[in-house]
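Written out below as structure tokens is the structure these notes cover.
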Amino acid sequence: MPQQTADAATDTQCLPRIKCPNCWNEFEPCDCVYISRHETLLGDPIVGDEAQMRFLPSRFSGNCMAVDPAGLTCHQLACPRCHLEIPRASLDFHPAFLSIVGAPGCGKSFLLGSMCWTMRKVLPRLGLLFTDADPTLNQVVHAYEQTLFLAEDPTKPVSIRKTELDGGDLYRSVQLGLHEMRLPRPFLFTIAAGQEGQRDARGRLLVLYDNAGEHFLPGSDATRAPVTEHLVQSAAILFVFDPTQDPRVRRLCSTDDPQVQHGTRPGQAGTAVRQETVMSEAAARIRKHLGRSPQRLHDRPLIVILAKADAWIHNLPDVDLSTEPFTTDPDGRMSLDMDRVRAVSGSCEAFIDAHCPELIAAARSFCSEVLFVPVSATGCHPELVEQDERQFYGVRPSSMRPQWVTVPLVRALDEVLVELGVKGG
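Laid out in structure tokens, this is it:
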């Protein structure tokens, strides 16, 4: 394949090998396929009859852009194996994979929206730029952010709909040979060195995966739909544990929170989820894919995100979430205060061990490095809303005060941040 194909894909120096964030296939830049633009060029044997045709270019415009068979210049790239779109940043920056795991109803969608929104503000204070690798590929997380922080009426309670198991916004089906496979739709961001308006050549592509909690329930089918295989790729596992789902901790939670009185979802009072089995299932799948013994600990960090802290953190009077755990050195450089984070982790682990010892056992038998981080995606209690003959938990955007939501992600990206010149923990 002529080098012009690779040159057309990017105006910077390409990586020698690219890893697809959708199917984890590795390939050379010159093997990228393009997505046609002309409306008549529909149908692809891998992504479906309604998709735009994928093609290897043989013609290029004067500025080295690929030209589809109908004569239109094309800009969108796709993986040569799964034919799903990849951002152009995939050609420039090495990926950093992270997985978010949790039981159904643990609040991952709220956490993801709050985390990404806040990261856009925090990383510039660390001297880094945090931007969408391609806005069209992050529409789901944009919708989360819009709902929680940019509502037209910030005094009206809003909610995020539950992650769907099949299809929906987080999964896509492709035909690979004789097998139809459902692959996860990652959220893609670039983390680059430099201040706003400036940028140097250093950077990484953050590839963040979220799954419906049901995909990690023991016995769920992981063969036909390998939507959880990203666990093996991930530099860290972010496990979301919801203390309000456990009846032993729920008795200690604030009675002002309707989730304490009515359960995780309205009408399901008293429903207890064995969340440690979700963690154990994730560990089993990693060991299976890597061919490792259950006695061998995973060598990637496990960050246990203790969600909905606004409902239970009062049980730990020594823990203060009102201020973020970042420090500034004499040169004005900000970094994560890991001494404070570790102290809070120790207090939280002791609290959870006193009431949910099976979770601590599952975590310690999973990974060699475990950190417990209390987080409140909203910083306030939700309220029970009745609307259009349905009930849901809603939060008013005007009341959103996220607490510690960036800490798990910043810690998980510690090695990346050090590479980019930010002091690590």
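Residue numbers (the working numbering): 5 to 429. Every residue gets a Cβ at the ideal spot worked out from N, C-alpha and C, and that includes glycine. In this text the structure is predicted, and so the values were computed from the model without any measurement.
- If you compare the alpha carbons of 77, 349, 243, 209 with that of residue 216, the shortest gap goes to 243.
- Straight through space, the alpha carbons of residue 165 and residue 146 are spaced by roughly 14 Å.
- Between the alpha carbons of residue 41 and residue 31 lies a distance of about 24 Å.
- In this structure, residue 375 keeps its C-beta atom at 8 Å or more from the C-beta atom of residue 339.
- Just measuring C-alpha positions, the residue of 423, 136, 78 sitting nearest residue 67 is 78.
- Separation of the CB atoms of residue 87 and residue 236 is rounded to 22 Å, and the pair is thereby denied contact status at 8 Å.
- Comparing alpha-carbon positions, the option among 321, 344, 323 lying closest to residue 330 turns out to be 344.
- Straight-line spacing of the CA atoms in residue 246 and residue 72 works out to 49 Å.
- At the C-beta level, residue 424 and residue 132 come within 8 Å of one another.
- Residue 255 and residue 209 have their C-alpha atoms some 42 Å from each other.
- Around the CB of residue 366, 16 or more other CB atoms lie within 10 Å, so the residue is classed as buried.
- The stretch 54 to 63 and the stretch 110 to 130 do not touch, with fewer than three beta-carbon pairs separated by less than 8 Å.
- For residue 17, no beta strand (DSSP E) encloses it, and the DSSP letter there is neither H nor E.
- Boundaries of the alpha helix (DSSP H) around residue 342: 342 to 359.
- Annotation: residue 161 is outside any beta strand (DSSP E) and is labelled neither H nor E by DSSP.
- Secondary structure at residue 384: coil, using DSSP grouped into helix, strand and coil.
- Taking 8 Å as the cut-off, the Cβ atoms of residue 325 and residue 407 count as close.
- Secondary structure note for residue 184: its beta strand (DSSP E) is the uninterrupted segment 183 to 188.
- Distance from the CA atom of residue 356 to the CA atom of residue 221, rounded to whole angstroms, is 21 Å.
- Counted as a single uninterrupted DSSP element, the alpha helix (DSSP H) harbouring residue 291 occupies residues 279 to 294.
- Taking each of 36, 240, 214 in turn and checking the Cα distance to residue 144, the smallest one comes out for 214.
- Counting only the Cα atoms, residue 175 lies some 6 Å from residue 186.
- When the five nearest sequence neighbours on each side are left out, the beta carbons in the same chain lying within less than 8 Å of the beta carbon of residue 18 are those of 10, 33, 95, 96, in order along the chain.
- Positions of the beta strand (DSSP E) runs, each at least 3 residues long and wholly inside the stretch 85 to 128, are given as 98 to 106 in order along the chain.
- A distance below 6 Å between beta-carbons, with the five flanking residues on each side excluded, links residue 50 to the following residues of its chain, in chain order: 87, 178, 179.
- Per DSSP, residue 374 lies in no alpha helix (DSSP H); the unbroken beta strand (DSSP E) holding it starts and ends at 374 to 378.
- Within the same chain, 80, 82 come within 6 Å of residue 89 by CB-CB distance, once the 5 residues on both sides are set aside.
- Here residue 68 carries a coil assignment [DSSP, helix/strand/coil].
- Assignment of residue 252 by DSSP, reduced to helix, strand and coil, places it in the helix class.
- Secondary structure note for residue 46: its beta strand (DSSP E) is the uninterrupted segment 46 to 48.
- Around the Cβ of residue 386, a 10 Å sphere holds 16 or more other Cβ atoms; the residue is buried.
- Judged by their CB atoms, residue 183 and residue 103 are not nearer to each other than the 8 Å cut-off.
- Assignment of residue 208 by DSSP, reduced to helix, strand and coil, places it in the strand class.
- Cβ neighbours of residue 261 within its own chain (closer than 8 Å, five residues either side excluded): 248, 312, 314, 315, 385, 386.
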